[in-house]
Amino acid sequence: MMIVMTKKMKRLIIGAKRDKNSPLLEVEYKKLKKLLVPRFLKIDDCIIITNEEKSKLERNFDNVLKSLYSNDKTHYEYSINETLINYFFENCDSTSILINLGLIVLDIWGLKLKEVDAKSKFWIILGCDKNKVTLRFHKARLGNQLIFTDFNESDDFAVYCKLF
């Protein structure tokens with residue numbers, strides 16, 4: 122297992138684990154289920170999160186991949202699979218809680234992605250930009266290369282990447 126993160130994310134994770142005054146979260150079951158167990162669909166060596174019919178996506182896949190992503194499947198997966206954690210916990214304004222939840226979901230997604238495609242490896246990326254916490258993923262292609270490579274320290278952006 123490989124984990125890569127910025128110094129800021131490391132500080133946020135340590136702070137999140139120490140935050141004992143976390144308020145209780147209210148969340149709708151249907152929203153929580155969509156976050157924890159989204160519908161992962163395999164199309165032409167790509168895995169995406171979608172509720173659309175596979176046949177519809179397959180018809181347009183080549184055109185979308187070619188015209189918008191220059192046939193780069195890794196960039197396509199990274200772009201299309203962005204999930205905003207804040208959306209699922211609208212009443213939560215604690216970045217540390219959202220990061221903790223993101224780390225839990227990240228591990229669940231890793232297991233689910235391996236169920237969909239056991240032979241592949243996946244990078245799952247937890248990002249924090251001010252108060253916005255997101256999850257993304259892509260297959261590890263070309264020698265497990267990670268699409269996100271900007272680990273320069275920033276006051277506004279933190280990232281945590283884990284290879285499954």
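Be aware that the sequence shown starts at 122, since it is given in this note's numbering, and climbs by one per residue.
Note that beta-carbon positions come from the ideal geometry of N, C-alpha and C, so glycine has one too.
- Isoleucine 124 counts as exposed, since fewer than 16 other beta carbons sit within 10 angstroms of its beta carbon.
- Proximity to asparagine 212 across Glu149, Met130, Ile229, Val185 peaks at Glu149, based on C-alpha coordinates.
- The residue from Lys129, Lys251, Ala239 with its alpha-carbon nearest to that of lysine 260 is Ala239.
- Separation of glycine 223 and isoleucine 229 (C-alpha to C-alpha, rounded to the nearest whole angstrom) is 10 angstroms.
- Annotation: aspartate 277 to serine 215 spans about 15 angstroms, alpha carbon to alpha carbon.
- Taking isoleucine 169 as the centre and dropping the five residues before and after it, the same chain places the C-beta of Leu162, Glu198, Ile201, Asn202 closer than 7 angstroms to its C-beta, in chain order.
- In chain order, Ile206, Asn207, Phe210, Cys213, Val254 place their CB closer than 7 angstroms to the CB of leucine 219, counting only its own chain and leaving out the 5 sequence neighbours on each side.
- If you draw a straight line from the Cα of lysine 233 to the Cα of glutamate 174, it comes to about 19 angstroms.
- Between isoleucine 245 and phenylalanine 285 the beta-carbon gap is near 7 angstroms, inside 8 angstroms, which marks them as a contact.
- Leucine 267 sits in coil when the DSSP states are folded into three classes, being neither helix nor strand.
- With respect to the 8 angstroms criterion, glycine 248 and valine 280 are classified as neighbours on the basis of their beta carbons.
- Straight through space, the alpha carbons of methionine 122 and glycine 264 are spaced by roughly 14 angstroms.
- Sequence-distant Cβ neighbours of aspartate 166 in its own chain, meaning closer than 7 angstroms and more than five residues away, are Lys194.
- The beta carbon of isoleucine 268 is closer than 6 angstroms to those of Thr195, Tyr199, His259 in its chain, skipping five residues each way along the sequence.
- In this structure, leucine 256 places its C-beta atom within 8 angstroms of the C-beta atom of threonine 204.
- Ranked by Cα distance from arginine 160, the first of Lys242, Val237, Gln266 is Val237.
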